[in-house]
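J.: The sequence shown stops at residue 735 when you use the UniProt record's numbering, and every number in between is there. Just so you know, even glycine gets a beta-carbon here, dropped at the ideal spot from N, CA and C.
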Amino acid sequence: SLYVSEYFSQSAQKLSFYSWYGNAKLFHFHVPEDTVLLRWLLQASRGKGPECTSMEITVHFRHGAPPVINPLGTRFPANATVRPSYNISITLSSAVQNTTFVNVTTPAAGDWFIAAHLPEAAGRIEVKGFSTPCPYMFQADMFVLRLTDMPVLEPGVPMPHTVVSPAKPLHVKVFVPKHAAGMRFELRSCVTGGQKACAVRVVLGSITLPQSFQRILTCTGNINCSLALDSPPWEKWLQIMVESLGTANASVSVEMLASFTVCRPGSASSFLNFISLNQSQAGARPGSAGAAGSSAQSAGEASHNVSGQRSSCLRNQPVVREDLDVVSVRYRLLNGPSVPVNSLSPTLLLLNLNTGMDSGGSLVVSLLLNKTSVGLANATVVACVSPASPVLSLNATRHCSTAFSQGYPLSVGTTSMEATLIVLYPQTDDWFLSLQLLCPKGQGECNAAEAKVTVFAYLTPCFNDCGPYGQCSLLRRHGYLYAGCSCKAGWGGWSCTDDTRAQSIGAQNLATLLLTLSNLMFLPAIAVAVYRYYLVEASVYTYTMFFSTFYHACDQPGVAVMCIMDYDTLQYCDFLGSVVSIWVTILCMARVKKILKYVLFILGTLFIAMSLQLDRRGVWNMMGPCLFALVIMIAAWVHHGTKRRHCYPSSWKRWVFYLLPGITLAFIAISVYAFMETNENYYYTHSIWHVLVACSVAFLLPPRDKHKKPWAWSQKLTCRYQICQNDREELYAVT
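1) How many Å lie between serine 307 and glycine 156 at the Cα?
2) Just mark glycine 479 as buried or exposed, buried being the case when its beta carbon has 16 or more other beta carbons within 10 Å.
3) Measuring straight from C-alpha to C-alpha, what distance separates glutamate 243 and tryptophan 491?
4) Kindly provide the ranges of any beta strand (DSSP E) runs that are 3 or more residues long and lie completely inside the segment 34-110, ordered along the chain.
5) Could you check if glutamine 97 is buried or exposed, using at least 16 other CB atoms within 10 Å of its CB as the buried criterion?
6) Relative to the C-alpha of leucine 700, which residue among Tyr682, Val672 and Val656 is closest?
7) In whole angstroms, what is the alpha-carbon distance linking valine 164 and tyrosine 458?
8) For glycine 413, which three-state DSSP category applies?
9) Would you report the Cα separation of cysteine 496 and glycine 558, rounded to the nearest angstrom?
10) Under DSSP, the beta strand (DSSP E) around histidine 161 begins and ends at which residues?
11) Put arginine 728 into one of helix, strand or coil per three-state DSSP.
12) So what does DSSP say about aspartate 705, is it helix, strand or coil?
13) Could you check whether the segment 52-61 touches the segment 119-138, counting it as contact only if at least three pairs of C-beta atoms, one from each stretch, sit closer than 8 Å?
14) Below 9 Å between beta carbons: does that hold for leucine 437 and alanine 451?
15) What is the rounded straight-line gap between the Cα of threonine 220 and the Cα of glycine 205?
16) Just verifying my parser: in three-state terms, what is the DSSP assignment at valine 579?
17) Beta-carbon within less than 7 Å of threonine 678's beta-carbon, same chain only, minus the 5 sequence neighbours each way: which residues are those?
18) What are the complete alpha helix (DSSP H) segments, minimum 4 residues, inside the segment 658-689?
19) Grab the span of the beta strand (DSSP E) containing threonine 347 for me, first residue to last.
20) Measuring alpha carbon to alpha carbon, tell me which of Val580, Gly618, Val592 and Arg591 ends up nearest leucine 603.
21) Under 8 Å, with one C-beta from each stretch per pair, do the segment 636-644 and the segment 605-616 reach the 3-pair mark?
22) Going along the chain, which unbroken runs of the beta strand (DSSP E) with 3 or more residues stay wholly within the segment 450-519?
23) For lysine 14 and glutamine 503, I'd like the C-alpha separation in whole angstroms.
24) Is the beta carbon of glycine 319 sitting closer than 9 Å to the one on asparagine 370?
25) Classify aspartate 568 as helix, strand or coil using the three-state DSSP reduction.
26) Specify whether the segment 655-675 and the segment 684-699 touch according to this definition: at least 3 beta carbon pairs, one from each stretch, less than 8 Å apart.
27) Going by the beta-carbon positions, is the gap between leucine 660 and proline 649 smaller than 9 Å?
28) Go ahead and pull the three-state DSSP assignment for leucine 209.
29) How many Å lie between alanine 181 and arginine 39 at the Cα?
30) Under 9 Å between the Cβ atoms of threonine 402 and alanine 419?
31) Please give me, in chain order, every unbroken run of the alpha helix (DSSP H) with length at least 4 that falls completely inside the segment 609-661.
32) Taking C-alpha atoms, which residue in Ile240, Leu324 and Thr247 lies nearest to alanine 167?
33) Mind checking which residues open and close the beta strand (DSSP E) that includes alanine 199?
34) Let me know if phenylalanine 101 comes out buried or exposed under the rule of 16 or more other beta-carbons within 10 Å of its beta-carbon.
35) Looking at C-alpha atoms only, which residue of Met142, Ser85, Ser94 and Asn79 is the closest neighbour of proline 32?
36) Our contact map puts glycine 110 next to histidine 30 with C-beta atoms below 8 Å; I'd like the distance itself, whole angstroms only.
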């Protein structure tokens, strides 16, 4: 045999601490056909800085679709079927780099996915630039060993072969035809080392993680061995590996035979009847002989099809796949939403999910038993959703399993008339829905009964659109798209349905009120600025108070939300107002000339607007203008002090009662903002930030100029009357 090795690599990705599925880094590979050995090379590394500590990386594997993981131990939505993923842990302790190999023999061909992530996120809100997080990198490479000339086992034709040694197993493959109800594999004429004593092991099927359903047949001392499989995967190549269990140098000669039992489906001309019916309605005139003949012929064919389907082993129902959007598909039955189900043969629906881009969503199948069903009594409609091949023996077993996969069972009856199934990240394949009527007292009781079941099947990116407390996000890895739910207001789970840590409505209202009403503490600062004739500064504080209030009203994760304009616009205006407020306050404290101060106001605001557009959350967008303004203020104070030959500001009361309290409040506010905020305490720590900053501004604003008179509202209100009285006195004197 000729083996060919191939190597596939993808670029490394920076790992993140896990809080939702978007934090897991996904790798997507395609394993070619006839692969006999798959080896993953997993490389993990971390930085060398003091902030880097020992870390455990979790790596998940799955065939056919992204792995369904639950590192936080949250609840999945009701009716969702979850099977744990296969995962390993890689520990980075003293070593900067760790290399791990994972071997998979006879892997299934097709898409394979790897997801890697760090442990649960701590929930601390880090300001970008204040701290340097440790970089943890992960890279996955794939080596495959592929057999170029794998022998083909033809159905019904015996094939003699020789296993040279235990170290060199024999690999063959057989193609499973469509509508195959069963397969029988036989191992005959097995001779080991010239003696009629067979010692071999036969492995049928390929490994698929997280669960593998390989079938193993061990022949020891028997001349003939056989294995029967129900519902093998349709229209796929099935790998068969034969390995010797004898001594190292003993060869084994065997003869293999594969035979299939084909299930004859009911006539598939219902789709043709659908087309011919449309053509007859569109082309023939009402009341014409041709139309009458066509209708009679269609009716006759329909009755013949029904009788043929009731005598066959399954009944096909035509299904149309309707693509709606990315990872969004709706399945529509041509003969109407109701499907007839009886006890003689299962009713089969094909749900096509083999485009390669359908595995990143959720498959939802809902069954509703119609009340118009005939003669059900205590009968139950049993259904099974399975990939690759349908379950054709629902009347004999309720395990809902095929030869190499485990399906998902459903059932409806007179006591429970509705049933729903959610398959998270369904694997890329043809999926089948099988339905059959079962009676508790025996099959004969159901011969005259027929159930009408309404079937709703669709593929959606996120089930129920993640609910009211979640956001459905479309994620991308190269050209592959998949979806995940980002939860808020303490909700968790795959579809944001876990309310274990959920905030109550009262807590959500309290958070909104604290974050919005705390901005009203800018009112004293605005009043002080107006009283001291700092009208430009007061306008900036009013702008900041307004947009900060409505930004936090729109930024709430729960139901207490109000957005007066686009969220991104509100966020930008809030950030801009906050930084410009600090900028104008420090420049106002510098007491420079008015023309210079207003020029700096405009230039600084333009520069801050530009920097915020480049990186809105960068720490230097706030620290840069602050430091530059502080340099200007210190230089101006030194100049004033040198000119006056004493400390500036000169009044000790100004320092004790205004500057020192204002500076203290500002430093406390920065400490709370940079080091104390977490996802849990954000609503009150950020409210404290609002209060402290607003109060510090009121303390730090300098007194008004000496030549400015205070606002004399009483004099200004009586000014007009006084002028009129003086005018009258002058006129009287002249007269």
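T.: Checking against the coordinates, here is how it stands:
1) Below a pLDDT of 50, predicted positions are generally treated as unreliable, and serine 307, at 39, falls in that range; the measurement from the model is reported next regardless. About 31 Å.
2) So glycine 479 ends up on the exposed side.
3) The straight-line gap separating the alpha-carbon atoms of glutamate 243 and tryptophan 491 is approximately 52 Å.
4) Correct list: 35-46, 55-63, 86-92 and 97-105.
5) Burial call: exposed.
6) Closest in C-alpha terms to leucine 700, from the list Tyr682, Val672 and Val656, comes Val656.
7) Across the structure, valine 164 and tyrosine 458 are spaced so that their CA atoms are roughly 51 Å apart.
8) DSSP places glycine 413 within a strand segment (E or B) once states are collapsed to three.
9) Whole-angstrom Cα-Cα distance: 12 Å.
10) Element bounds for histidine 161: 159-163.
11) In this prediction, arginine 728 scores a pLDDT of 46, lower than 50, which makes its location untrustworthy; the coordinate-derived value is nonetheless stated afterwards. It is helical.
12) Coil.
13) Touching, per the Cβ criterion.
14) The Cβ-Cβ distance between leucine 437 and alanine 451 falls below 9 Å.
15) For threonine 220 and glycine 205, the distance between alpha carbons rounds to 21 Å.
16) It is helical.
17) In the same chain as threonine 678, and ignoring 5 residues on each side of it, the C-beta atoms closer than 7 Å to its own belong to Gly123, Arg124 and Ile125, in chain order.
18) You should have 660-671.
19) Unbroken beta strand (DSSP E) run through threonine 347: 347-353.
20) Of the candidates Val580, Gly618, Val592 and Arg591, the one whose C-alpha sits nearest the C-alpha of leucine 603 is Val580.
21) No, they do not touch.
22) Whole beta strand (DSSP E) segments, 3+ residues: 451-460, 470-477 and 480-487.
23) Those two C-alpha atoms are separated by around 32 Å.
24) Sequence inspection shows valine at residue 319; the glycine mentioned does not correspond to that position. For valine 319 and asparagine 370, no; Cβs fall outside 9 Å.
25) Aspartate 568: helix per DSSP, three-state reduction.
26) A contact is defined here as three or more CB-CB pairs under 8 Å, and the segment 655-675 meets this definition with respect to the segment 684-699.
27) Contact flag unset, no.
28) Reduced to three states, the DSSP call for leucine 209 is coil.
29) Alanine 181 and arginine 39 have their C-alpha atoms some 34 Å from each other.
30) Cβ atoms of threonine 402 and alanine 419: not closer than 9 Å.
31) With a minimum length of 4 residues, the continuous alpha helix (DSSP H) runs that stay inside the segment 609-661 are 620-644.
32) Selected option, being the one with the closest Cα: Thr247.
33) Looking at the DSSP string, the run of the beta strand (DSSP E) that includes alanine 199 is 199-204.
34) Around the C-beta of phenylalanine 101, fewer than 16 other C-beta atoms lie within 10 Å, and the residue is accordingly described as exposed.
35) From the listed residues Met142, Ser85, Ser94 and Asn79, the smallest Cα separation to proline 32 is found for Met142.
36) A Cβ-Cβ distance of about 7 Å is found for the pair glycine 110 and histidine 30, placing them in contact under the 8 Å criterion.
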